[in-house]
């Protein structure tokens, strides 16, 4: 009997993304493999998830369910403005098999309301006649299906068609990962979201056992990076909690400091040559959240702008973009990758906040920038 023992430790980052393989390091018959796979978030040790405490019951009117009936995919989303919600990008830019663009026609947002007991308010989250969503700003390009493994990009705002959040928006609080770690140690950090194993979409669960890993809070000098790395935490979560807010409690005030997106785990497997002959059980290490410092700057403008639903208005925007040499596509009133890129190019040229959305404000900015004689009658 030929006997061989291959012991490999693969660090596996888990989210909704494509598989990728790093270059292996060869040591005789042994290899070190790295792979990215789809997996759910995790409960660590004792399950600390509980029903939403009475103190936080008001969050039912601020944290809702984002559900896509086309792909049968559900996530947690949070009101951050009267008509803007925050979630994970992979919850929005997820596509069915063999689709070029994300399936957004069936995406709806559900929110409980004290004004309508035992019922939920519902609104269509996106517009159905576009190739890509005209009312989404995300860390990942909305012109593509989310297949990334850079979790700093896994965030998305959705500008809703109705102001169903009203005055129930939760504020964002951009702070460093070190400050979050200190707050977690003091018991001021918690997560609230929907979980696939506990009446998904009906019952919000709460967990405040949220230790932050990989940060030395005793270190005196801490750099303040321009781009914040994902927050490694041990909040107990489950599939469906993607987009769930990581919240900071200071006195009587609640604010969002991050959103949950994925799990990070280790896996051992046996490999001979290029073939994996056996996989061992995965060992979850921690969950990952995106720091709101990476995207909080976009919310003020997104809250203020208006997204027109009419085809003729988008055609006018396309026409002016074309006259200004920003766009070379069709004047069809359909929001696609070319129009999105053209608007972003125009906004950069004007040194404005870059959203890439066909808003009324972009329409008037184009009218004011491009000379009247340039615009075709």
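In the numbering used here, the protein residues as written are 6 to 382. Where is the CB? At the ideal position from N, CA and C, for every residue including glycine.
- By the neighbour-count criterion, in which a residue is buried when 16 or more other Cβ atoms sit within 10 angstroms of its Cβ, residue 331 is buried.
- Cβ-Cβ distances below 8 Å link residue 354 to 331 in the same chain, with the five nearest sequence neighbours on each side left out; the list follows chain order.
- Residue 340 places its beta carbon less than 8 Å from that of residue 137.
- Going by C-alpha positions, residue 112 is about 25 Å away from residue 252.
- The alpha-carbon separation between residue 199 and residue 146 amounts to approximately 26 Å.
- In terms of Cα proximity to residue 217, the closest of 306, 295, 258, 299 is 295.
- Note that the C-beta distance between residue 88 and residue 208 is not below 8 Å.
- CA-CA distance, residue 158 to residue 278, rounds to 34 Å.
- For residue 141, the closest C-alpha among the options 363, 373, 351, 372 is that of 363.
- When the Cα atoms are used, residue 322 and residue 54 turn out to be separated by approximately 48 Å.
- Judged by DSSP in its simplified three-state form, residue 371 adopts helix.
- The bridge partners DSSP lists for residue 127 are 115.
- Bridge partners of residue 283 according to DSSP: 275.
- Closest option to residue 98, judged by alpha-carbon separation, among 84, 66, 143: 143.
- The beta carbons of residue 193 and residue 254 sit closer together than 8 Å.
- In this structure, residue 320 keeps its C-beta atom at 8 Å or more from the C-beta atom of residue 334.
- Here the alpha carbon of residue 372 sits roughly 18 Å from the alpha carbon of residue 359.
- Residues 69, 70, 125, 127 of the same chain have their beta carbon placed closer than 6 Å to that of residue 115, with the five preceding and five following residues left out of the count.
- Cα atoms of residue 84 and residue 135: separation of roughly 24 Å, rounded to the nearest angstrom.
- Judged by their CB atoms, residue 62 and residue 173 are not nearer to each other than the 8 Å cut-off.
- Its chain contains 364, 365, 366 as the residues whose beta carbon lies nearer than 8 Å to that of residue 311, once the 5 sequence neighbours on both sides are disregarded; these appear in chain order.
- Between the C-alpha atoms of residue 156 and residue 195 there is a straight-line separation of about 20 Å.
- Ranked by Cα distance from residue 236, the options 357, 369, 188, 57 are led by 188.
- Boundaries of the beta strand (DSSP E) harbouring residue 73: 68-73, taken from the DSSP string.
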